[in-house]
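Residue 110 in full-length UniProt numbering sits at position 110 of the sequence shown, with consecutive numbering throughout. Structure first, commentary second.
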Amino acid sequence: MARDLTPLAALGLALSEVLPEGVTFAVEDPSQPEGKDDLFASEAAAMTRAVPVRRAEFAAGRRAAHRAMDDLGVLPAPVPMAADRAPEWPEGLVGSISHCEGAAVAVLGFSGVHAALAVDVEPDLGLPRDLHDLVCTEAERAWLSGLEPGARDRAARKLFSAKECVYKLQFAQGGKLLNFSDVEVVIDVDHGAFEARFLCDAGRYGAQEVVQGRCLAVGGFIICFMSALQDIEIVA
Numbered sequence: 001m002a003r004d005l006t007p008l009a010a011l012g013l014a015l016s017e018v019l020p021e022g023v024t025f026a027v028e029d030p031s032q033p034e035g036k037d038d039l040f041a042s043e044a045a046a047m048t049r050a051v052p053v054r055r056a057e058f059a060a061g062r063r064a065a066h067r068a069m070d071d072l073g074v075l076p077a078p079v080p081m082a083a084d085r086a087p088e089w090p091e092g093l094v095g096s097i098s099h100c101e102g103a104a105v106a107v108l109g110f111s112g113v114h115a116a117l118a119v120d121v122e123p124d125l126g127l128p129r130d131l132h133d134l135v136c137t138e139a140e141r142a143w144l145s146g147l148e149p150g151a152r153d154r155a156a157r158k159l160f161s162a163k164e165c166v167y168k169l170q171f172a173q174g175g176k177l178l179n180f181s182d183v184e185v186v187i188d189v190d191h192g193a194f195e196a197r198f199l200c201d202a203g204r205y206g207a208q209e210v211v212q213g214r215c216l217a218v219g220g221f222i223i224c225f226m227s228a229l230q231d232i233e234i235v236a
């Protein structure tokens, strides 16, 4: 990877190399001033009482979503916030938005192909040690304990991000509110991937079912991505 890339450009390049065909994305900087045309009226309505930082992150996420629509060949349209705070995608589309300090990311595809997409972006900083017991299962804590002490907190942040991604994937498919202890994750650092095992029934996923995703550390960020294809019946 070129060393002169900005952190957001490096993040975008990494995403471009792992997303499946037919899935578009965009990366935006929440620190950039909001333009007067950044948000549709139905999007802006959700932020009327938001503090400036929250509004900036929301606007950057919607800018990214609009750009991803354009790259998919779709006219940009509003992505309002539902009552459960999830994005309401236009008919025919499925996607996911995530943001943290310094980055906002959106991924998008056609709902006729993908049942759900999920993305989570986090700062590549250590997860506070007092959150390890909340986020990690016993098996995950055992894995962390086998790492070099200086690597454990950052690895725990990857577990956190992967679980956030799993939550979004199942929730978009009729899932439910999950606790961190409802999913167990194994990170494959060498291949930038992870496996997650459901420890309870969650929407279309049964207990003990395993799903896969990507988990990358790049540009000072951790980015996790997952996708689920539609169950398409093939008629001979």
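No residue lacks a Cβ here, since even glycine has one placed at the ideal position from N, Cα and C.
Residues Ala-68, Asp-71, Leu-72, Leu-108 of the same chain have their beta carbon placed closer than 6 Å to that of Thr-24, with the five preceding and five following residues left out of the count.
Here Phe-25 carries a strand assignment [DSSP, helix/strand/coil]. Excluding sequence positions up to five before and after Pro-80, its CB lies within less than 7 Å of the CB of Ser-42, Glu-43, Ala-46, Glu-88, all in the same chain and listed in chain order.
It is roughly 27 Å from the alpha-carbon of Ser-16 to the alpha-carbon of Arg-54. Going by DSSP, Pro-7 is part of no beta strand (DSSP E) but of the alpha helix (DSSP H) stretching over 7–18. Here the alpha carbon of Val-27 sits roughly 15 Å from the alpha carbon of Glu-34. Checking the DSSP bridge columns, you'll see Asp-84 has no partner listed. Each of Gly-192, Cys-224, Leu-169 was checked against the Cα of Tyr-205, and the nearest Cα belongs to Leu-169. Around Phe-58, the same chain offers Met-47 as residues with beta carbons nearer than 6 Å, after the five sequence neighbours per side are excluded. In the displayed model, Gln-170 falls within a helix according to three-state DSSP.
Contact between Gln-230 and Gly-95 does not hold, since the beta-carbon distance rounds to 14 Å and is not under 8 Å.
When the five nearest sequence neighbours on each side are left out, the beta carbons in the same chain lying within less than 7 Å of the beta carbon of Thr-137 are those of Ser-181, Glu-184, in order along the chain.
With fewer than 16 other CB atoms across the displayed protein chains lying within 10 angstroms of its CB, Asp-133 is exposed. Using a Cβ distance threshold of 8 Å, Leu-178 and Arg-157 do not count as a contacting pair.
In the three-state scheme derived from DSSP, where H, G and I count as helix and E and B as strand, Arg-154 is classed as helix. Bounds of the alpha helix (DSSP H) holding Met-69 are 52–71.
In chain order, Phe-198 place their CB closer than 6 Å to the CB of Glu-209, counting only its own chain and leaving out the 5 sequence neighbours on each side.
Our two residues, Gln-212 and Pro-78, have alpha carbons roughly 30 Å apart in a direct line. Exposed is the label assigned to His-191, since fewer than 16 other Cβ atoms lie within 10 Å of its Cβ.
One thing to note: Ile-97 has its Cβ no nearer than 8 Å to the Cβ of Ser-161. Counting every other CB atom within 10 Å of its CB across the protein chains shown gives Ala-139 a total below 16, marking it as exposed.
For Leu-39, there is no enclosing beta strand (DSSP E), as DSSP marks it with neither H nor E.
Under the DSSP assignment, Ala-139 falls outside any beta strand (DSSP E), being part of the alpha helix (DSSP H) whose first and last residues are 138–145.
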